[in-house]
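Enquirer:
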Amino acid sequence: MTVEITGKPDGVPIFLLHGTPGSRSGPKPRSGVLYRYGIRLISYDRPGYGGSTPHPGRTVADAAEDIAAIAADLDIYRFSVVGRSGGGPHALACAALLPHAVTRTAVLVGFARPDVPDLEWFSGMAASNVRDFAAASDDRLLLMERLRAQAARTRRDPESLLTQLETDMTWPDRRVVRDLAIRRLIAQAYREALRSGPQGWIDDVLALRRDWGFNLSAITAPVRLWHGEQDNFAPVSHTMWLARQIHTAEVHVQPGAAHFGAVEILPEMLEWLSNW
Numbered sequence: 001m002t003v004e005i006t007g008k009p010d011g012v013p014i015f016l017l018h019g020t021p022g023s024r025s026g027p028k029p030r031s032g033v034l035y036r037y038g039i040r041l042i043s044y045d046r047p048g049y050g051g052s053t054p055h056p057g058r059t060v061a062d063a064a065e066d067i068a069a070i071a072a073d074l075d076i077y078r079f080s081v082v083g084r085s086g087g088g089p090h091a092l093a094c095a096a097l098l099p100h101a102v103t104r105t106a107v108l109v110g111f112a113r114p115d116v117p118d119l120e121w122f123s124g125m126a127a128s129n130v131r132d133f134a135a136a137s138d139d140r141l142l143l144m145e146r147l148r149a150q151a152a153r154t155r156r157d158p159e160s161l162l163t164q165l166e167t168d169m170t171w172p173d174r175r176v177v178r179d180l181a182i183r184r185l186i187a188q189a190y191r192e193a194l195r196s197g198p199q200g201w202i203d204d205v206l207a208l209r210r211d212w213g214f215n216l217s218a219i220t221a222p223v224r225l226w227h228g229e230q231d232n233f234a235p236v237s238h239t240m241w242l243a244r245q246i247h248t249a250e251v252h253v254q255p256g257a258a259h260f261g262a263v264e265i266l267p268e269m270l271e272w273l274s275n276w
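Quick note: the sequence shown uses the UniProt record's numbering, first residue 1, plus one each step.
1. Taking the alpha carbon of Ala63 as the reference point, which residue from Phe214, Gln230, Thr163 has its own alpha carbon closest?
2. Which two residues bound the contiguous alpha helix (DSSP H) that contains Val130?
3. Spatial neighbours of Pro222 within its chain, please: C-beta separation below 7 Å, excluding the five flanking residues on both sides.
4. Where does the unbroken alpha helix (DSSP H) through Gln230 begin, and where does it stop?
5. Report the residue from Pro21, Ile14, Pro9, Lys8 whose alpha carbon sits nearest the alpha carbon of Pro158.
6. Going by CA-CA distance only, name the one from Gly87, Ile246, Ala218, Ala95 that's closest to Arg78.
7. Indicate whether Leu98 and Ala68 have their beta-carbon atoms separated by less than 7 Å.
8. Using a threshold of 7 Å, state whether the C-beta atoms of Phe15 and Ile42 are closer than that.
9. Measure the Cβ-Cβ separation of Val109 and His18 and say whether it is below 7 Å.
10. Would you say Ser25 and Glu271 are within 7 Å of each other, going by their C-beta atoms?
11. What did DSSP end up calling Gly261 once you bin it into helix, strand or coil?
12. Based on Cα-Cα distance, which residue from Gly48, Leu34, Val107, Ser137 lies nearest to Ala243?
13. Under a Cβ-count criterion, where at least 16 other Cβ atoms within 10 Å of its own Cβ denotes burial, should residue 304 be classed as buried or exposed?
14. Quick one: complete alpha helix (DSSP H) runs, 4+ long, within the stretch 82-115?
15. Give the C-beta separation of Arg224 and His252 to the nearest angstrom, bearing in mind that I take them to be a contact with Cβ-Cβ under 8 Å.
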């Protein structure tokens with residue numbers, strides 16, 4: 001498992017779980033900013049991404065075991081967790097399965113469980129995400145072929161994935177990704193995520209669309225759910241569904257923001273996560 005640690009060495013430990021696709025090098029506050037906040041930020045590549053070896057057939061719940069192993073190696077016994085986009089369900093797995101270790105959890109633009117009766121999972125979702133997530137359930141060979149081709153293009157030109165996504169973006173997301181510094185960080189994270197191929201991306205999509213392997217009702221520590229109102233990659237209805245399942249959750253829906261607004265709200269969430 002490839003791990004990156006930034007911020008204050010003896011600061012409050014917080015695990016940051018990247019999106020889909022993504023890597024440990026995804027957008028985050030600079031180390032000096034984290035140091036001033038008193039935060040030790042720990043990011044890692046989920047299996048199959050970046051420098052981490054694949055774990056075919058992994059479930060969302062398996063993230064809890066990965067993080068528990070990293071925490072043990074670092075002699076960390078209590079920590080907070082934040083997940084962005086596809087990392088959100090993995091953060092919730094930690095909250096549910098590591099209740100004695102996880103103090104607070106934040107989920108930014110997260111996804112709901114698949115195939116639940118009281119949510120139209122694809123409603124309001126951009127065509128590109130509908131295509132990939134539907135293939136995860138209906139035609140896995142097509143999904144693998146499609147993501148292999150996209151990963152190859154992204155390795156050659158990391159900006160190509162952002163350019164493709166821009167065709168589906170609402171205007172708040174276009175505003176965020178047109179910031180040159182943020183755009184560069186996102187593109188670099190995509191390049192690192194897919195440098196060894198598409199396996200992490202494929203396994204993430206499959207894991208999000210099968211049974212997650214844990215119960216949201218098991219979460220007892222505080223949870224903060226944040227979502228941009230105009231998100232069409234993970235529609236806000238997903239976060240509202242999560243809020244109905246998690247008794248300790250508080251919800252923040254931000255007008256004039258969308259999916260990539262999670263990059264801008266992260267410092268505020270980290271500050272909340274560090275206050276335990």
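Backbone N, C-alpha and C fix where the C-beta goes; we use that ideal spot for every residue, glycine too.
Expert: So, from the data block:
1. Among Phe214, Gln230, Thr163, the Cα nearest to that of Ala63 is on Phe214.
2. First-last of the alpha helix (DSSP H) with Val130: 127-138.
3. Answer for Pro222: Arg104, Thr248, listed in chain order.
4. Neither: Gln230 is in no alpha helix (DSSP H) and is coded neither H nor E.
5. Check the Cα spacing between Pro158 and each of Pro21, Ile14, Pro9, Lys8: the tightest is with Pro21.
6. Nearest of Gly87, Ile246, Ala218, Ala95 to Arg78, Cα basis: Ala95.
7. With contacts defined as CB atoms closer than 7 Å, Leu98 and Ala68 qualify as a contacting pair.
8. Between Phe15 and Ile42, the gap from beta carbon to beta carbon is short of 7 Å.
9. Contact annotation: Val109 and His18 have beta-carbon atoms that are not nearer than 7 Å.
10. No, the pair does not count as a contact, with Cβ atoms beyond the cut-off.
11. In the three-state DSSP reduction, Gly261 falls in the helix class (H, G or I).
12. Of Gly48, Leu34, Val107, Ser137, the residue nearest in Cα terms is Val107.
13. Nothing about residue 304 can be read from this structure; the chain reaches only from 1 to 276.
14. Counting whole runs of 4 or more residues, the stretch 82-115 contains the alpha helix (DSSP H) stretches 87-97.
15. Contact check for Arg224 and His252: beta-carbon distance about 7 Å, within the 8 Å limit, so the pair qualifies.
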